[in-house]
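*Asks:*
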Amino acid sequence: AIENQFEIKEFFENIGAGDVTLSLNLLKESFSNPHINQEAVLDHSSIRFHEFLRAAILSDFNYYQPDESPIANIFDIFTLDGKEHFMVGSLLCLLDGYSAKNKGFVEIRIIYEDLQSIGFKSYQINNGLSHCISKRLVDTHQEIVKDRDSVSTRVSMVRINSRGEYHLKILPSNFEYLDVMVIDTPILDEDARIKITDARTLAERIKRGGVFCGYLDKQWEYLDKSPAGFDWKSNSRALEATMIEIEGKLY
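Quick note, our numbering runs 105 ahead of the 1-based positions in the sequence shown.
1. Tell whether a beta-carbon distance below 8 angstroms holds between L273 and L197.
2. To test your reading of the DSSP string, which unbroken alpha helix (DSSP H) runs of 4 or more residues are found completely within the region 187 to 252?
3. Between which two residues does the alpha helix (DSSP H) carrying Q324 extend?
4. Alpha carbons only, please: which of L163, N130, F154, A343 is nearest the one belonging to E115?
5. Below 8 angstroms, how does it come out for the region 157 to 169 and the region 260 to 273: are there three or more Cβ pairs, yes or no?
6. Nearest to I292 by alpha carbon, out of S339, T347, H190?
7. State the start and end residues of the unbroken alpha helix (DSSP H) segment that holds R342.
8. Buried or exposed: where does S195 fall if 16 or more other Cβ atoms within 10 Å of its Cβ makes it buried?
9. Just the C-alpha distance for A346 and S239, rounded to the nearest angstrom, thanks.
10. Pull up the DSSP beta-bridge partners for R268, would you.
11. Please name the residue in T126, F210, Y168, L185 whose C-alpha comes closest to that of R305.
12. Quick check: what's the CA-CA separation for K127 versus P171?
13. Out of I311, T290, D289, S227, which one is the CA nearest neighbour of E350?
14. Checking contacts by CB at 8 angstroms: is S204 closer than that to chain D?
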């Protein structure tokens with residue numbers, strides 16, 4: 106059922122790259138996960154990607170558990186600043202640009218300079234970078250630091266990896282990803298916050314997704330843009346088109 110699914114194979118190649126244990130666990134869960142249609146598994150039918158992705162993100166839980174999931178919430182924020190919804194995306198986009206130029210690892214200093222130029226503060230960049238490292242969206246290069254009494258290491262350079270690329274290029278425009286992350290993401294606008302509630306039916310989830318996209322559209326306006334920056338608007342348009350398509354099939 107899985108071998109003929111390009112999107113599922115792409116997921117394994119990027120999220121599970123180099124992590125045999127994770128790949129095996131994800132494969133095993135697909136045969137028993139409550140978020141996947143078990144009838145399709147039993148009769149060897151194709152597993153739908155949106156079901157597989159939801160199962161991969163949530164595992165056996167009903168709601169996103171950031172410490173348990175192999176998938177990061179790139180819209181998470183660390184302070185009461187709406188620009189931070191695009192901190193991780195901007196950082197990954199920056200690293201992807203250097204990777205395209207065959208630069209490989211990028212010095213931490215350059216990352217801070219580039220992201221500060223579009224409006225982020227150093228402490229925000231530090232939080233976003235720590236998030237990327239903890240969720241293994243980037244590879245790190247350590248350097249040895251010596252002082253009079255001790256020897257330690259610190260991250261001196263980073264580069265985007267396949268997991269980070271997947272979070273940058275695939276997930277932000279995926280409705281299932283948006284639908285899972287909306288509950289985990291702090292909402293700073295009160296009007297939007299009161300409209301984002303627990304949703305049971307697909308119609309309710311689409312309505313909630315539209316509110317979340319609209320909220321992120323508004324927060325995007327506060328970020329100074331750069332030609333090489335993260336492109337939330339393209340993702341937003343793709344999500345809107347997907348939600349319209351799904352909604353059209355409901356009625």
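Each residue gets a CB set at the ideal place from its N, CA and C atoms; glycine is no exception.
Please read all numbers here as calculations on a predicted model, not as lab measurements.
*Replies:* On the basis of the data shown:
1. Taking the sequence shown and counting its residues from 1, the one referred to as residue 273 is at position 168. Taking the sequence shown and counting its residues from 1, the one referred to as residue 197 is at position 92. Contact: yes.
2. Every alpha helix (DSSP H) of 4 residues or more that sits fully in the region 187 to 252 is shown, in chain order, as 192 to 205, 213 to 221, 227 to 239.
3. For the purposes of this step, residue 324 is taken as the residue at position 219 of the sequence shown. In the DSSP assignment, Q324 falls within the alpha helix (DSSP H) that extends over 307 to 325.
4. Sequence index remark: in the sequence shown, residue 115 carries index 10 (1-based). Nearest option by C-alpha distance: F154.
5. Contact between the region 157 to 169 and the region 260 to 273 is absent, with fewer than three C-beta pairs closer than 8 angstroms.
6. Translated into the one-based positions of the sequence shown, residue 292 becomes position 187. Of the candidates S339, T347, H190, the one whose C-alpha sits nearest the C-alpha of I292 is H190.
7. Here residue 342 refers to the residue found at position 237 of the sequence shown. Start and end: 337 to 355.
8. Position 90 of the sequence shown, counted from the start, is the residue given in the question as residue 195. Residue environment: S195 is assigned as buried (16 or more neighbouring CB atoms within 10 Å of its CB, all protein chains considered).
9. Taking the first residue of the sequence shown as position 1, residue 346 is located at position 241. Taking the first residue of the sequence shown as position 1, residue 239 is located at position 134. In a straight line, the C-alpha of A346 is about 32 angstroms away from that of S239.
10. Mapped onto the sequence shown, residue 268 falls at position 163. Paired residue(s): none; R268 is not in a bridge.
11. The residue labelled residue 305 in the question sits at position 200 within the sequence shown. Of the candidates T126, F210, Y168, L185, Y168 places its Cα closest to the Cα of R305.
12. Counting from 1 along the sequence shown, the entry for residue 127 is found at position 22. Counting from 1 along the sequence shown, the entry for residue 171 is found at position 66. The sequence as given places Leu at residue 127; Lys does not occur at that position. One C-alpha to the other measures close to 15 angstroms.
13. For the purposes of this step, residue 350 is identified with residue 245 of the sequence shown, where counting begins at 1. For E350, the closest of I311, T290, D289, S227 by C-alpha to C-alpha distance is I311.
14. The structure shown contains no chain D; it holds only a single protein chain.
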